Amino acid sequence: MWELQYKIALWALLLGIIPAGIFLLMWRSRNRQMKRIGNAALLDKLMPSRSSAKPVVRIVLFSIAFLLLLVALINPMIGTKKGKVATTGIDVVIALDISNSMLAEDLKPSRLSAAKNALRALMNRMGENRIGIVVFAGTAFTQLPLTSDYNAAEVFIDDISTNDIARQGTAIGAAIDRASGVFSKLEGRGKAIIIISDGENHEDDAEAAARKAAEDGIIVNTIGLGSPKGSPIPIYKNGINVGFKTDRQGNTVMTKLNEQMLQQIAAAGNGIYVHGTDGDVGINTILGELGRLKKQELSEVQFTSFESLYPWFALAGLLFLFFESLIGDRKYSWIGRSYKPAPVKPVSHEKQPE
Numbered sequence: 010m011w012e013l014q015y016k017i018a019l020w021a022l023l024l025g026i027i028p029a030g031i032f033l034l035m036w037r038s039r040n041r042q043m044k045r046i047g048n049a050a051l052l053d054k055l056m057p058s059r060s061s062a063k064p065v066v067r068i069v070l071f072s073i074a075f076l077l078l079l080v081a082l083i084n085p086m087i088g089t090k091k092g093k094v095a096t097t098g099i100d101v102v103i104a105l106d107i108s109n110s111m112l113a114e115d116l117k118p119s120r121l122s123a124a125k126n127a128l129r130a131l132m133n134r135m136g137e138n139r140i141g142i143v144v145f146a147g148t149a150f151t152q153l154p155l156t157s158d159y160n161a162a163e164v165f166i167d168d169i170s171t172n173d174i175a176r177q178g179t180a181i182g183a184a185i186d187r188a189s190g191v192f193s194k195l196e197g198r199g200k201a202i203i204i205i206s207d208g209e210n211h212e213d214d215a216e217a218a219a220r221k222a223a224e225d226g227i228i229v230n231t232i233g234l235g236s237p238k239g240s241p242i243p244i245y246k247n248g249i250n251v252g253f254k255t256d257r258q259g260n261t262v263m264t265k266l267n268e269q270m271l272q273q274i275a276a277a278g279n280g281i282y283v284h285g286t287d288g289d290v291g292i293n294t295i296l297g298e299l300g301r302l303k304k305q306e307l308s309e310v311q312f313t314s315f316e317s318l319y320p321w322f323a324l325a326g327l328l329f330l331f332f333e334s335l336i337g338d339r340k341y342s343w344i345g346r347s348y349k350p351a352p353v354k355p356v357s358h359e360k361q362p363e
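Its first residue numbered 10, the sequence shown is counted upward by one per residue in this note's numbering.
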């Protein structure tokens, strides 16, 4: 199991392009100066000991060293010891809609991004509760089994995208069935499903699935994202908005929040419905309801000890810096011997007899 202690420093890895950029600028400037002096063949004869490869090797070594030291700054850690950890809480499975309609931007920056940001905030308030994640569109699958390792959960949340499921649609019933199967068979422990969706293009009998879950002691809550008035679905290529999704007649598709459907699902599952907004996606309201569920102690195996790897990355970075410092700009002596300039005949200044 891998962990990153200082994830906020990940952006610093972009600084790794700085040494390469500086080198390229200096390299171009030097080549221009050399061209002003003479052509390449003449310069090689005038400066037989000059190496064109060594500067490249030096910048490569320096860039590798720079990146290794940045990784050391982030401090990657690896789990080295497992142990049983007792937790007292409830089990919560998030069923997240990842259909294309969740790309609509009536919530900023998009419905899906707003949902993911809310889930990250949820991680900080889960306490000893366990969380699982199911994603769905036209079908549903388990993204993350129940766990109290919230660092791992955040990694899974970051990876979620609308490309994870090719089949489009909103199969909320299948998502409820899949989420119900994630729970353990432990009796007496509070269990809840939180469905986050716009409720559009509903395909199956989600109300029946919610009622069945409620009969099994699982509370089904719903959070509706989007505007009932509708919003277009943007299309991005290489991070640039190139237009909006259209139907076969060329009309712009408008995706609308189906509040009525989500309210009916929550009612069938003995839960509550919350309309998410930019200011509050609804997680806080749902957490208030979850606080009423019965908590029970549970033991699970987790990594209890981690080893920091930053000394190894730091050492490797320093070694690359050391090797870089040993490389000069001149060719090795055995290479320089391959060219020996012709001896210059001395000019005699003695006056020749007439």
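Glycine included, C-beta positions come from ideal geometry on N, C-alpha and C.
Remember, predicted model here, so these are calculated numbers, not experimental data.
C-beta atoms of residue i and residue j nearer than 8 Å
| i | j | result |
| --- | --- | --- |
| R187 | I99 | no |
| E298 | N230 | yes |
| V381 | G141 | Residue 381 lies beyond the residue range present for the chain, which begins at 10 and ends at 363; the question has no answer from this structure. |
| L296 | A124 | no |
| R139 | T151 | no |
| I185 | A130 | no |
| L116 | V144 | no |
| E216 | I274 | yes |
| R67 | I336 | yes |
Contact set for residue i: own chain, Cβ-Cβ below 7 Å, skip 5 residues either direction
| i | result |
| --- | --- |
| G252 | I244 |
| Q177 | S108, N109, A146, G147 |
| E209 | S110, T179, T264, K265, N267 |
| E114 | S240, P243 |
| I27 | none |
| D225 | S189 |
| Q272 | Y282 |
| I344 | With a pLDDT of 45 at I344, under the threshold of 50, the predicted position of this residue should be treated as unreliable, though the coordinate-derived value follows. Within the same chain, I344 has no close Cβ partners at all. |
| I292 | A127, A130, L131 |
| Q258 | none |
| F32 | I68 |
Nearest candidate by alpha-carbon position, reference residue i, set the options
| i | options | result |
| --- | --- | --- |
| T286 | P237, L105, A217, E216 | P237 |
| G182 | H284, M270, V80, A123 | M270 |
| G288 | N126, D207, I174, V65 | N126 |
| A149 | D168, I166, D173 | D173 |
| F332 | S38, L70, G30 | L70 |
| S317 | T255, M86, V65, A104 | M86 |
| A219 | N260, A277, E212 | A277 |
| S119 | V290, K246, S38, F32 | V290 |
| L128 | I232, W321, L302 | I232 |
| S334 | F192, K63, S193 | K63 |
| G300 | M35, S38, V191, R134 | R134 |
Same chain, Cβ closer than 8 Å to residue i, five either side skipped, listed in chain order
| i | result |
| --- | --- |
| T171 | I107, S108, N109, M111, L112, L121, A146 |
| V262 | P241, I242, F253, K254, T255, D256 |
| F322 | L77, L78, V80, A81, P85 |
| L153 | I140, G141, I142, A161, A162, F165 |
| D214 | G182 |
| K246 | none |
| R346 | Unreliable positioning characterises R346 in this predicted model, as indicated by a pLDDT of 48, which lies under 50. The coordinate reading is nonetheless provided below. Around R346: no qualifying Cβ. |
Contacts around residue i, its chain only, beta-carbon distance under 6 Å, and the 5 residues preceding and following it disregarded
| i | result |
| --- | --- |
| Y319 | A81, N84 |
| L330 | A74 |
| N279 | A223, I228 |
| L78 | G326 |
| V65 | none |
| H284 | G233 |
beta-carbon residue i near the ligand ATP non-hydrogen atom, thresh 7 Å
| i | result |
| --- | --- |
| F71 | As for the ligand ATP, it is missing from this structure, which has no ligand bound. |
Within-8 Å CB hit, residue i to chain B
| i | result |
| --- | --- |
| F331 | Annotation note: the requested chain B is absent from the structure, which comprises a single protein chain. |
> Of all the beta strand (DSSP E) runs that stay within the bounds of the segment 262-326, which reach a length of 3 or more residues?
Replying inline: As far as the segment 262-326 is concerned, its whole beta strand (DSSP E) runs of at least 3 residues are 282-284, 305-317.
>> To test your reading of the DSSP string, which unbroken beta strand (DSSP E) runs of 3 or more residues are found completely within the segment 185-225?
In response: Correct list: 200-206.
> Hey, is the segment 159-167 in contact with the segment 200-216, meaning 3+ C-beta pairs nearer than 8 Å?
Replying inline: Result no; under three Cβ-Cβ pairs closer than 8 Å.
> Which parts of the segment 111-138 are runs of the alpha helix (DSSP H), unbroken and 4 residues or longer, counting only runs that do not cross its ends?
Replying inline: List check, alpha helix (DSSP H) in window: 120-132.
> Three or more beta-carbon pairs under 8 Å between the segment 66-78 and the segment 324-334, yes or no?
Replying inline: Contact between the segment 66-78 and the segment 324-334 is present, because at least three Cβ pairs lie under 8 Å.
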